[in-house]
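Structure record follows, encoded as structure tokens.
2 protein chains.
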Amino acid sequence: MSKILRQIDLQNVEIEDKFWSGRLETNINVTIPFEYKQCKRTGRLDALKLDWKEGGKNKPHIYWDSDTAKWIEAAAYSLVVKKDCSLERKVDGVIDLIASAQQSDGYLNSYFTTVAPQKRFKNLRDGHELYCAGHLIEAAVAYYNATGKDKFLNVMCRYADYLTEVFGSGRGQMKGYPGHQVIEMALVKLYKVTANGKYLQLAKFFVDQRGNSPVWFEQERLGGNFERFNSDKHYVEDFSYNQAHKPVRQQDKADGHAVRACYMYSGMADVAAETNDRDLIRVCRKIWDSITIARMYVTGGVGSAYYSERFSFDGDLPNETAYSETCASIALIFFAQRMFNIDKDSRYIDVLEKALYNTVCGSVSFDGMHFFYANPLEEYPPAREYRGKYENENHVQSVRQEWYDTACCPPNIARLLASLGNYVYAHSGKDIYVNLYIGSKADFEIGSTHISLHQKTNYPYEGKVVFNAKVSEPVKSTIAFRLPEWCPRATMKINAKSVNIKECTTKGYIRVSRLWQNNDKVELVFDMPVRKVYANSIVRQDAGRFAIQRGPLIYCIESVDNGKFLSNIAVDKNTKFTVANKRILGQAISVINFSGKRRIDSGKKLYVYDSIKEKKVCLRAIPFYLRANRGLAEMMVWLREC
Amino acid sequence: MSKILRQIDLQNVEIEDKFWSGRLETNINVTIPFEYKQCKRTGRLDALKLDWKEGGKNKPHIYWDSDTAKWIEAAAYSLVVKKDCSLERKVDGVIDLIASAQQSDGYLNSYFTTVAPQKRFKNLRDGHELYCAGHLIEAAVAYYNATGKDKFLNVMCRYADYLTEVFGSGRGQMKGYPGHQVIEMALVKLYKVTANGKYLQLAKFFVDQRGNSPVWFEQERLGGNFERFNSDKHYVEDFSYNQAHKPVRQQDKADGHAVRACYMYSGMADVAAETNDRDLIRVCRKIWDSITIARMYVTGGVGSAYYSERFSFDGDLPNETAYSETCASIALIFFAQRMFNIDKDSRYIDVLEKALYNTVCGSVSFDGMHFFYANPLEEYPPAREYRGKYENENHVQSVRQEWYDTACCPPNIARLLASLGNYVYAHSGKDIYVNLYIGSKADFEIGSTHISLHQKTNYPYEGKVVFNAKVSEPVKSTIAFRLPEWCPRATMKINAKSVNIKECTTKGYIRVSRLWQNNDKVELVFDMPVRKVYANSIVRQDAGRFAIQRGPLIYCIESVDNGKFLSNIAVDKNTKFTVANKRILGQAISVINFSGKRRIDSGKKLYVYDSIKEKKVCLRAIPFYLRANRGLAEMMVWLREC
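Listed in order, the protein sequences are those of chains X and V.
Quick note: the first sequence uses the working numbering, first residue 51, plus one each step.
Quick note: the second sequence uses the working numbering, first residue 51, plus one each step.
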């Protein structure tokens, strides 16, 4: 296998972008401090003092350490982007708490240590211990990379060392694996930063052990001290929920709980890349295809079923009842990036971009303090209210919420946004990949030569992107520019001279190989027409409907602009779409205007015969990520075509 | 209030009908014996021996007596229609068992007596004791009316007497009421047959006590010996589920569990009619409107939500996930008949007919041994399979099943069909109402004069209906013929002379007042074109769609006739429909042929841009009641219009 690409270090990318900079600043200045307060307020930090007693306030919960960990990870990335001594002190304080919570054998978990010490590793399926461990490890690596301080890293190495003793195929070792994956990715990160091969080995063990018969989750259920954590009322006795229904290498479709699944696939790709495991890469590709060919929303959302928050079946993509968890799209981004690093194919980044600009970008409010957990593609508030009241659908909300009892999404958004710089470029040897079109300055070393790329653009609202290269000396290198799948036609000029794009495009990248000179200028123009998107004929929920896309952005209509009862709106096949500028939430937004028909109310009869009446209406679509920012509203992505 | 109509005695109506006779014979010859065997096989009959011991086989269930009761009721009606000594002996045997299960104080319940004697009446909300009592009372009344034998009736009077002591507003009496209604209707039946006013009073007490503050269900939950029966996993802590969220007279919308609700509304109408309670009738009308204006499927199904099997909210009528329980439509038929008896308005019978010919008629197979519990309006087998496996939706099935653990529907269908003769006519004084167009002979007494009406028709497939009257002497009487709401134009001739229908139509009935002579002949012709039905604009799930109706029958398309992926089919606004004859299951069925478009597969891409291709296809619709009789198939009632 050819050399695996690496993401470049976060400190080598500086984002200066009309679309993103404001949001990233809000993430650092508002969201991260806000989430710290939420962790504190809810008892997540105090739980690490291990002084909770039965009957006491704020009983620790099995997930809590993972939320704290993700907050630290987000803070760590933000410290790379923007120094902040006060934040760093806060993090150090939390790390001191974490360190103080570590047991003499290395074990570290605020819930099990205080609430259920006898149950350590007795219910891997539901207990989330290895999940918490994984997030703590990821946070420790991020903080070490950000600050060079190794206290937290050492704590987590001790815990990881303990885990390598407990788990494994050796005599007396547990043959178990996490019920909620993430530790696979985390251990590979720990391996990369410590070069300690046993962490990689443990990650590989977790991957390869999963789903072997007899299934560990069945064995542990029959063992001593097993406790069912009934926190998930939708839990169904089924190993596919945890991707343990068969050995991982025999799995060929994304299945079960979507966040668990995509974290696992990311970890599999990591293990495969690090161990050069072609068989595992083949499995990863197959699973990737199963998602992107039949199980992914046009917004890059995955896990369509509310019940069990899982992948359901091919072509099943309900809109109003879509779950499409924020964390699942973040996990899909992780998986996409890893697969891109292996295959260097733009199709992975096309999906990453879709998930980023639509689901993830829309999952946090512009004020940085409200979050979507689930991201349905259709919103009818009376239905949401009904289901919230009578069907306990409390994760699915019509408007963004300040916090959730299960709070995985908010800190996950924060860490993803804080590390956005990691996703813009990739490089390896003499190759530089430009994956995302985000205004930025990035520094690369090709051998001993320094290349600095300055990217300027109004993407995603405009298709023009200009790069200026600075080189310490002329250098032979290939810069590969992603040709987005949504773009019907692109032009490129280098130093004002046209490039024949077709001739130099491979696997979705315009590969420009040349001796780069100082001040070389690359001008890319992506045609960005409004496009109608049709789902495959296997998606029954989107039959007769289309979505509006422009650039990477999926659009939606809201009742705020278009009146109530959006279901009564239909759009003629030949309707023309025009792009207009409008300020929404202080942002200059490209909205899309078009005409449609609206059913006229048919009075009080529930059913009428023969015909109904319609009238012509003017309609406006806004980007999906902007939805639900102007009060409670109906919303619809897939519009009826007539 | 003007005189309440009565249904005529079952023995005075003899059905001889092309559409119904075969099915009614199957009901008597196959379904009723089959259901007896199922009751026996599953332990429902043995449970009445009260000899079950902990650890024993076939542990009695809280519902079981109600299933046995409904079977007896069905058998009783069938004995009226067709003498059968062997069946009568079987029923007597079961009645002996029931009598032997009665406790010395009159109490009678196989579950509570054997399994949980300490819990008698401790959980009225979930325990189904008064529900079982209600069905047993209804069965006893039916059997007494059918055979004149009073053993069962006396047993149930003793139980009812006991109930009148236990429940009531007096000192020391329980202020409770059933968690699952039906006993209200039953007590009114018992009152009518015994003329004992205290049964009517108890029915009225149950109606008026419900929902008063503090809610009984809350009080009993805090009381001793309360046990939560978790048989319904979807149970939500909410009193609207049991229609106890507010006093009944303050309720203005059908709410909560649909079968409970419609049984209660029927009981309310009974109490209102018998006590001349205008306020309660006003409430009943309001609730009726709330159903028929906003909460009823075009098939006469009600209770759209699978979760809690309940009414959800106005305009919420999902098709594929429709619950639309068979029992709920039967209950709606009860409610409709009672409201018609009070208001003499055809709108009630229009709904009754809708529910009868579509939901109820389709809920049992032609072999009489397979039943639908839920009646969705759209079927996509992979979705059903998924939800059955991962979301425990085991009541909702793609094909009719032989039995269900919760077996309320099969015997309910049997008793409804066995008593079909009760729904064809109504009369009061000098008025005869013809409600259903079903080939039959019916006898009426107007004073001392005997009228015999002979109805001949090929309804619901043809709109012509001919009546021949035989009278013992010329008699002044009004015969009111229902003008079905689906009929755009009707003609009537009496003795070959045209009648001006418009002039003599009131509240949906063509009222023919005359001196009826022997051999008078009435010829009614209802135009029966194929009609497109559109749902009100509040029904978002049917937007852009239409249903096909002809006569009272709603049609559907199935993949058996039209190929898989029905969602890819759309029908042009101007499509012409033609009626054709086809034999299906040995029946001469009017199918409907028309042309449409079908989306051509778009290959392996999940999303494509700009346009898709369609081809012209020939389509065939069959009556909804005939669906799922030719193997596992996709099915769709609401067709996409383009």
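C-beta atoms are modelled at their ideal positions from N, C-alpha and C, and glycine is treated no differently.
(message) Across the region 366 to 376 of chain X and the region 385 to 398 of chain X, are there enough close Cβ pairs to call them in contact, namely three or more that are closer than 8 Å?
(response) no
(message) Suppose you measure from the CA of residue 212(V) to the CA of residue 544(V); what does that come to, to the nearest Å?
(response) Here residue 212(V) refers to the residue found at position 162 of the second sequence. Here residue 544(V) refers to the residue found at position 494 of the second sequence. Spanning the two alpha carbons is a distance of roughly 55 Å.
(message) Is there a C-beta anywhere in chain V that falls below 9 Å from the one on residue 281(X)?
(response) Walking along the first sequence from the start, residue 281(X) turns up at place 231. Residue placement at residue 281(X) is poorly supported in this model, since its pLDDT is 47, which falls under 50; the coordinates still yield a value, given next. By this cut-off, residue 281(X) is not an interface position.
(message) List, from N- to C-terminal side, the beta strand (DSSP E) runs of 3 residues or more that fit wholly inside the region 330 to 376 of chain X.
(response) none
(message) Output needed in chain order: residues of the region 631 to 665 of chain X with a Cβ under 7 Å from some Cβ in chain V.
(response) 649, 651, 652, 654, 655, 656, 657, 658, 659, 660, 662
(request) Check the Cβ-Cβ distances between residue 584(X) and every residue of chain V, and say whether any is below 9 Å. (result) Within the first sequence, residue 584(X) is the residue found at index 534, counting from 1. Closer than 9 Å: yes.
(request) May I ask you to list, following chain order, the residues of the region 589 to 620 of chain X that have a beta carbon less than 7 Å from some beta carbon of chain V? (result) 590, 593, 594, 615, 617, 618, 620
(request) From the DSSP output, read off the bridge partner residues of residue 60(X). (result) Counted from its first residue, the first sequence places residue 60(X) at position 10. None, per the DSSP bridge assignment.
(request) Sort 351(V), 407(V), 464(V), 468(V) by Cα distance to residue 426(V) and report the nearest one. (result) Counting from 1 along the second sequence, the entry for residue 426(V) is found at position 376. For the residues 351(V), 407(V), 464(V), 468(V), the minimum Cα distance to residue 426(V) belongs to 351(V).
(request) Consider the Cβ of residue 344(V): report whether some Cβ of chain X lies at a distance smaller than 9 Å. (result) In the second sequence, the residue the question calls residue 344(V) occupies position 294. Output row for residue 344(V): interface = yes.
(request) Quick one: residues in its chain with C-beta nearer than 7 Å to the C-beta of residue 377(X), no 5 flanking neighbours on either side, listed in chain order? (result) As a position in the first sequence, residue 377(X) is number 327, starting the count at 1. Only 309, 458, 459, 462 meet the Cβ criterion.
(request) Return helix, strand or coil for residue 306(X), following the three-state DSSP convention. (result) Translated into positions along the first sequence, residue 306(X) becomes position 256. The answer is strand: DSSP assigns residue 306(X) an E or B state.
(message) Measuring straight from C-alpha to C-alpha, what distance separates residue 674(V) and residue 412(X)?
(response) Numbered from 1 along the second sequence, position 624 holds the residue referred to as residue 674(V). Numbered from 1 along the first sequence, position 362 holds the residue referred to as residue 412(X). Answer to the nearest angstrom: the Cα atoms are 43 Å apart.
(message) Measuring straight from C-alpha to C-alpha, what distance separates residue 235(V) and residue 682(V)?
(response) Taking the second sequence and counting its residues from 1, the one referred to as residue 235(V) is at position 185. Taking the second sequence and counting its residues from 1, the one referred to as residue 682(V) is at position 632. In a straight line, the C-alpha of residue 235(V) is about 38 Å away from that of residue 682(V).
(request) Please list the residues of the region 437 to 459 of chain X that have a C-beta atom closer than 9 Å to any C-beta atom in chain V, keeping them in chain order. (result) 437, 439, 440, 441, 442
(request) Counting only the same chain and skipping the five closest in sequence on each side, list residues whose C-beta sits under 7 Å from that of residue 409(V). (result) Residue mapping note: residue 409(V) aligns to position 359 of the second sequence, counting from 1. Excluding positions up to five away in sequence, the list reads 349, 350, 351, 374, 376, 379, 425.
(message) So if DSSP puts residue 665(X) in a beta bridge, which residue, or which two residues, is it bridged to?
(response) On the first sequence, position 615 is the one that residue 665(X) refers to. DSSP, once it has assigned bridges, lists 648(X) as partnering residue 665(X).
(request) Kindly indicate if chain V contains any beta-carbon less than 9 Å away from that of residue 202(X). (result) Position 152 of the first sequence holds residue 202(X). Not one chain V Cβ lies under 9 Å of residue 202(X).
(message) So for residue 413(V), helix, strand or coil by DSSP?
(response) Mapped onto the second sequence, residue 413(V) falls at position 363. Of the three classes helix, strand and coil, the one that applies to residue 413(V) here is coil, per DSSP.
(message) Only counting the same chain, and skipping five residues up and downstream in sequence, which positions put a Cβ closer than 6 Å to that of residue 229(X)?
(response) On the first sequence, residue 229(X) is found 179 positions in, with the first residue counted as 1. Excluding residues within five positions, the ones whose Cβ falls inside 6 Å are 174, 175, 176, 292.
(message) Please tell me whether residue 675(V) has its Cβ less than 9 Å away from any Cβ of chain X.
(response) Looking up residue 675(V) in the second sequence gives position 625. So no, residue 675(V) is outside the interface.
(request) State the Cα-Cα distance for the pair residue 613(X) and residue 643(X), rounded to the nearest angstrom. (result) In the first sequence, the residue the question calls residue 613(X) occupies position 563. In the first sequence, the residue the question calls residue 643(X) occupies position 593. In a straight line, the C-alpha of residue 613(X) is about 14 Å away from that of residue 643(X).
(request) Identify, in the order they occur along the chain, each residue of the same chain with its Cβ nearer than 7 Å to the Cβ of residue 100(V), setting aside the five sequence neighbours on each side. (result) As a first step, residue 100(V) must be located in the second sequence, where it is residue number 50. Correct list, in chain order: 151, 160, 163, 164.
(request) Return the CA-CA distance between residue 191(V) and residue 242(V), expressed in angstroms with no decimal places. (result) Against the second sequence, residue 191(V) aligns to sequence position 141. Against the second sequence, residue 242(V) aligns to sequence position 192. Answer to the nearest angstrom: the Cα atoms are 9 Å apart.
(message) Need the endpoints of the beta strand (DSSP E) that residue 530(X) sits in, please.
(response) Counting from one through the first sequence, the residue named residue 530(X) turns up at place 480. That run of the beta strand (DSSP E) goes 525 to 532.
(request) Identify the continuous beta strand (DSSP E) that holds residue 606(V) and give its terminal residues. (result) Along the second sequence, one-based indexing puts residue 606(V) at 556. 603 to 608 is the extent of the beta strand (DSSP E) around residue 606(V).
(message) Please confirm whether residue 358(X) has its beta-carbon closer than 9 Å to some beta-carbon of chain V.
(response) On the first sequence, residue 358(X) is found 308 positions in, with the first residue counted as 1. Yes - at least one Cβ of chain V is within 9 Å of the one on residue 358(X).
(request) Give the DSSP-derived three-state secondary structure of residue 578(X) in the structure shown. (result) Looking up residue 578(X) in the first sequence gives position 528. Note: residue 578(X) maps to coil in three-state DSSP.
(request) Determine whether the Cβ of residue 407(V) lies closer than 9 Å to any Cβ atom of chain X. (result) Residue mapping note: residue 407(V) aligns to position 357 of the second sequence, counting from 1. So, not an interface residue.
(request) Out of 197(V), 478(V), 158(V), 168(V), point me to the one whose CA is closest to residue 182(V)'s CA. (result) Counted from its first residue, the second sequence places residue 182(V) at position 132. The residue with the shortest Cα to Cα distance from residue 182(V) is 158(V).
(message) Using a Cβ-Cβ distance cut-off of 9 Å, determine whether residue 51(X) contacts chain V.
(response) Sequence index remark: in the first sequence, residue 51(X) carries index 1 (1-based). The predicted model places residue 51(X) with a pLDDT of 44, which falls under 50 and marks its position as unreliable; any figure quoted below should be read in that light. It does not; no Cβ of chain V falls within 9 Å.
(message) Please tell me whether residue 289(X) has its Cβ less than 9 Å away from any Cβ of chain V.
(response) As a working note, residue 289(X) is residue 239 in the first sequence. Not an interface residue.
(message) Restricting to Cα atoms, I'd like to know which of 570(V), 513(V), 531(V), 562(V) is closest to residue 520(V).
(response) Position 470 of the second sequence, counted from the first residue, corresponds to residue 520(V). Of the candidates 570(V), 513(V), 531(V), 562(V), the one whose C-alpha sits nearest the C-alpha of residue 520(V) is 570(V).
(message) Rounding to the nearest angstrom, what Cα-Cα distance links residue 244(X) and residue 262(X) in this structure?
(response) Start at 1 with the first residue of the first sequence, and residue 244(X) comes out as number 194. Start at 1 with the first residue of the first sequence, and residue 262(X) comes out as number 212. About 30 Å.
(request) Leaving aside the five residues before and after residue 484(V) along the sequence, list all residues of the same chain whose C-beta is less than 8 Å from its C-beta, in chain order. (result) To locate residue 484(V), count along the second sequence from 1; it is residue 434. Within the same chain, residue 484(V) has close Cβ partners 474, 475, 503, 505, 517, 529, 530, 531, 532.
(request) Using a Cβ-Cβ cut-off of 9 Å, state whether residue 363(X) counts as contacting chain V. (result) What you label residue 363(X) is simply residue 313 of the first sequence in a count that begins at 1. Yes, residue 363(X) counts as interfacial toward chain V.
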